[in-house]
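In what follows, a structure is listed as C-alpha cells, so that the remarks can point back to it.
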Amino acid sequence: EAAVTQSPRSKVAVTGGKVTLSCHQTNNHDYMYWYRQDTGHGLRLIHYSYVADSTEKGDIPDGYKASRPSQENFSLILELASLSQTAVYFCASSLTGSNTEVFFGKGTRLTVV
Amino acid sequence: AQKVTQTQTSISVMEKTTVTMDCVYETQDSSYFLFWYKQTASGEIVFLIRQDSYKKENATVGHYSLNFQKPKSSIGLIITATQIEDSAVYFCAMRELVGDNSKLIWGLGTSLVVNP
Chain A
798 EAAVTQSPRS KVAVTGGKVT LSCHQTNNHD YMYWYRQDTG HGLRLIHYSY VADSTEKGDI
858 PDGYKASRPS QENFSLILEL ASLSQTAVYF CASSLTGSNT EVFFGKGTRL TVV
Chain B
7 AQKVTQTQTS ISVMEKTTVT MDCVYETQDS SYFLFWYKQT ASGEIVFLIR QDSYKKENAT
67 VGHYSLNFQK PKSSIGLIIT ATQIEDSAVY FCAMRELVGD NSKLIWGLGT SLVVNP
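Residue numbers (the working numbering), protein chains in the order written: chain A, 798 to 910; chain B, 7 to 122.
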C-alpha cells in the first residue's frame, strides 16, 4: 500500500509568520504534489515536482514556495502566512505524470489567525 | 480550457440500492485518463477507479463501475449494492496526456449519503 505521510496534521499559525508543511512518501514515486482544499473550490494544485531539487508551479502558487530535497520529501512553505491561506492542505504522489493514480496523504488543517 | 463538471452537489439513497454519479469533461486532446476518488468523512482521499480514453470497455472494480460515453464526454460512476460506508464525497478527475507533466483537473465533488 502506497504511503504518503504529512506533518503536522493540524496547525495554528499567526498572520505574518512562517509555516512549513512537510510530506514524506515511501512509494518510490517521482511525482509529488501539494493541493489546497477549500469548501466550494474542490482541490487546487499549488506546486508539484517530478524530480528531486526541482519544483513547478501549479494553478495557485502565489504566496507559497515548495522544496523537494529528495525523492521522498516535499515541503510547502508559507513565508508570510495570511488569513486567506486557512485551508486543508494535501500532499500526494504518483508514479508517473500521466496514467497512474495519485495517492494522497491524510491532510493538514491549517488555521491562520 | 480543460474542465470537469459534476452537476450533482449531493445525492441521498437507501442502502443496498444502485446510485449513479455524473461527470462531464471538456478536453481538446484525443488521449486522456479519467479517475474517480472518494473522500471520507475523516478527510482521507482514496483512488477508486480509472478509465483510459482509448479503451471502449467500461472499467469495473468491486462494486464500482464506470459508464464511459466518449461522444458525450461523460464518465459516470455507478455504485451497486450501496453500503452505509459508501457515504462520502466523490470526485471526478481528468488527466490529459500532454508530455509527461500533465495535471489532474478536478470536479467539485458529489456528496453521497447512504441511509439505512
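All residues carry an ideal CB built from backbone N, CA and C; glycine is no exception.
Note down the Cα distance separating residue i from residue j, rounded to an integer number of angstroms.
| i | j | result |
| --- | --- | --- |
| Asn824/A | Val52/B | 15 Å |
| Thr67/B | Leu877/A | Here the sequence assigns Val to residue 67/B, which means Thr is not the residue at that position. Their Cα atoms are separated by approximately 44 Å. |
| Lys78/B | Ile874/A | 41 Å |
| Tyr96/B | Ser117/B | 6 Å |
| Tyr31/B | Ser890/A | 23 Å |
| Leu72/B | Met100/B | 14 Å |
| Ala913/A | Ser36/B | Absent from the model: residue 913/A. The displayed extent of chain A is 798 to 910, so no value can be given. |
| Gln900/A | Pro122/B | Sequence inspection shows Phe at residue 900/A; the Gln mentioned does not correspond to that position. For Phe900/A and Pro122/B, the distance between alpha carbons rounds to 31 Å. |
Under a three-way DSSP split, which group does residue i fall into?
| i | result |
| --- | --- |
| Asp92/B | helix |
| Gln882/A | helix |
| Lys9/B | strand |
| Lys22/B | coil |
| Lys78/B | helix |
| Thr908/A | strand |
| Leu892/A | coil |
| Tyr38/B | strand |
| Lys61/B | coil |
| Glu869/A | coil |
| Thr836/A | coil |
| Gln14/B | coil |
| Val119/B | strand |
| Val811/A | coil |
| Lys862/A | strand |
Of all the options the options, which has the alpha carbon lying nearest to the alpha carbon of residue i?
| i | options | result |
| --- | --- | --- |
| Gln803/A | Phe887/A, Ser895/A, Leu907/A, Asp859/A | Phe887/A |
| Gly82/B | Asn64/B, Thr33/B, Ser117/B | Asn64/B |
| Gly813/A | Ala800/A, Ser879/A, Glu869/A | Ser879/A |
| Pro782/A | Phe900/A, Gly837/A, Tyr830/A, Ser872/A | Since the first residue of chain A shown is 798 and the last is 910, residue 782/A is not available in this structure. |
| Gln75/B | Thr11/B, Pro122/B, Cys29/B | Cys29/B |
| Val909/A | Lys903/A, Val899/A, Lys815/A, Val811/A | Val811/A |
- Query: Between the region 76-92 of chain B and the region 15-33 of chain B, are three or more C-beta pairs nearer than 8 Å?
  - Reply: yes
- Query: Any residues in the region 29-56 of chain B with a beta carbon nearer than 7 Å to a beta carbon of chain A? Which ones, in chain order?
  - Reply: Phe39, Phe41, Gly49, Glu50, Ile51, Phe53, Arg56
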